[in-house]
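Number of protein chains: 2
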Amino acid sequence: MIIDIDKWKERKYEFWKRLWEDLEIGYLDEDLLPLLVEFNLRPDTYTLSSCSGRIVIVDSIKPWAREKTNVIFKKHQPIKIDELMDIIKKPFVHRLWLIVSGPIIHVSVNSLKSAINTLRLAREAGFKHSGILSINKVKGIILELLTGVKMSHLLKDPNGYEVNANNIPLLIKVANEILLDGKKMFNQLYQILKMNRPNKLDNYILEDLVKKELLWIIK
Amino acid sequence: MIIDIDKWKERKYEFWKRLWEDLEIGYLDEDLLPLLVEFNLRPDTYTLSSCSGRIVIVDSIKPWAREKTNVIFKKHQPIKIDELMDIIKKPFVHRLWLIVSGPIIHVSVNSLKSAINTLRLAREAGFKHSGILSINKVKGIILELLTGVKMSHLLKDPNGYEVNANNIPLLIKVANEILLDGKKMFNQLYQILKMNRPNKLDNYILEDLVKKELLWIIK
């Protein structure tokens, strides 16, 4: 399948505009910005939804469930003992899970060659579960860049299971360690992309960075 | 990129032969067999390493680590309270993790059209993290079919963290529930493949099943 480059570019610049709107309203995970800029500088790539890694506490039967799920806590930085202690004390419905996820990056590229190249760089950075999710003439080739960094720990079950309060400090230590493992891989991907920056950059993105006085981001 | 169909087929039948050798020496997870046969019946597909879902207990710093990792326990069926109790009592080095994984299937297909079609069927069965891992002229287009079914629970840390013995029965209940969620999706994929069996099957595979007196598997 051949990508319609004009329509693909139109979508790229729409997503680029949306990125800055998300940043303005505080919706964007700020740790992401340098990596997102680096990807969008590539003429053959743009970024979709992404996450630099996070710690989440959910009230749901299964850790991966979307329905009947209540996200009680979400943070892209290490968490504190008190933050978990406070949540543990409150009522819940299904089960409480502590979930630490590594980074997840979605990008669209406009050729199979770019897809293979990007997957190679991602694997080099430790994103071992990366692959092509779908191929579409207008939307491009959608890649998911994913590490194996993950923890999903049962904290509480209504039938009597409950994490021991004495265990919480060490549990938090391990969860934060895992979060930082993910952030490290995120930075590795950023460095590898920077080192492999193509000679020809996307002029529209470059000019927009000049206009925003944000050229320092790519220095 | 265009796949070299002759060389691809040669590899397909090599892998098919190896599958039966693995079964004979007890290396193959037997739950897998009907699904693997169903995939290989398709003229455009063959299977690589796969797993129908499992419960593993590892001694390692991080649940995803491969180095400095000791797999203490591995089972493709639900586990019993005593099995975990016995392990918990024994000495360990790094950390003890209880890991439940859903099914993971690797297949090779010989065209982009087949890849897109297979990914569509897999997503329909709940394998939401499925994608193309790589593309190679001889090896074909390698797909990873993956669900979100996962639990990775810290059991023990040398710095004092230890799962409470009273909590173990419920922890086992949840782990087994998650394993069975994965097996359910595995069966969904099998049923969807069977319902979408192509008109033209792979004759080599069919004849080999006749020779092995195993045609009943595909009834």
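Each protein sequence line maps, in turn, to chains A and B. Numbering follows the working numbering, with no gaps: position 60 of the first sequence is 60. Whatever position you read off the second sequence (first residue = 1), add 1000 for the working numbering. Glycine included, each C-beta is placed from N, C-alpha and C at the ideal position. All figures in this text were calculated on a predicted structure; none of them were measured in a lab.
Any C-beta of chain A under 8 Å from that of residue i
i	result
I1178/B	yes
K1062/B	yes
N1110/B	no
D1059/B	no
I1025/B	no
L1096/B	no
D1157/B	yes
Assigned secondary structure, residue i (DSSP; H/G/I helix, E/B strand, else coil)
i	result
T1069/B	coil
S134/A	strand
K150/A	strand
S1114/B	helix
W1097/B	strand
E213/A	coil
D86/A	helix
V1058/B	strand
K80/A	coil
G182/A	helix
V1037/B	helix
K1200/B	coil
K1156/B	strand
Y46/A	strand
K1194/B	helix
L145/A	strand
I1002/B	coil
K1128/B	coil
V163/A	coil
K75/A	strand
I25/A	coil
Alpha-carbon spacing of residue i relative to residue j, whole angstroms
i	j	result
I1168/B	M1085/B	8 Å
V1174/B	V1149/B	12 Å
E1083/B	W1008/B	43 Å
V1071/B	G1026/B	18 Å
L119/A	S1130/B	15 Å
F1073/B	I5/A	51 Å
I205/A	V56/A	33 Å
L1041/B	Q1077/B	27 Å
R1011/B	K1139/B	7 Å
N196/A	F39/A	11 Å
N1176/B	L1143/B	27 Å
D1208/B	Y1013/B	10 Å
L28/A	L36/A	11 Å
N1166/B	L154/A	14 Å
F92/A	D22/A	31 Å
K1137/B	W1016/B	19 Å
R18/A	E24/A	10 Å
W1064/B	T1147/B	16 Å
I1105/B	L215/A	44 Å
I81/A	W1020/B	52 Å
D1202/B	K1194/B	14 Å
Partner residues on chain B for residue i, Cβ-Cβ distance less than 8 Å
i	result
I2/A	Within chain B, no residue comes near I2/A; the closest Cβ sits about 11 Å away, beyond 8 Å.
E144/A	H1129 and G1131
Nearest-angstrom beta carbon gap, residue j and residue i [assumed within contact, 8 Å]
i	j	result
S1049/B	P1103/B	Actually they do not touch by this definition, with Cβ atoms about 12 Å apart.
I1141/B	L1112/B	7 Å
L1096/B	K1183/B	Their Cβ separation, rounded to whole angstroms, is 24 Å, which puts L1096/B and K1183/B out of contact at 8 Å.
A1125/B	L1189/B	4 Å
D1044/B	V1100/B	Actually they are not in contact, since the Cβ atoms of D1044/B and V1100/B sit about 32 Å apart, beyond 8 Å.
S152/A	S1152/B	6 Å
I1217/B	L1121/B	Going by Cβ atoms, the distance from I1217/B to L1121/B rounds to 19 Å, so no, they are not a contact pair.
Contact list for residue i against chain A, beta-carbon separation under 7 Å
i	result
N1187/B	The premise fails here: N1187/B is roughly 17 Å from chain A at the closest Cβ pair, so nothing lies under 7 Å.
M1151/B	P63 and S152
N1164/B	N164
N1070/B	Simply none; closest approach about 18 Å.
Chain B contact for residue i (CB, 8 Å cutoff)
i	result
D208/A	no
L214/A	no
L221/A	Shown here, chain A extends from 1 to 219; a query on residue 221/A therefore has no answer.
N117/A	no
V174/A	yes
N40/A	no
N167/A	yes
Residue i: contacting residues in chain A (beta-carbon distance under 9 Å)
i	result
I1135/B	L112, A115, I116 and I132
Beta-carbon neighbours of residue i, restricted to chain B and to distances below 9 Å
i	result
E14/A	What E14/A touches in chain B: nothing, since even the nearest Cβ is about 24 Å away.
Within chain A, the residues that residue i reaches when beta carbons sit closer than 8 Å
i	result
G1148/B	W64
L1171/B	L154 and Y161
Beta-carbon neighbours of residue i, restricted to chain B and to distances below 7 Å
i	result
G182/A	Simply none; closest approach about 11 Å.
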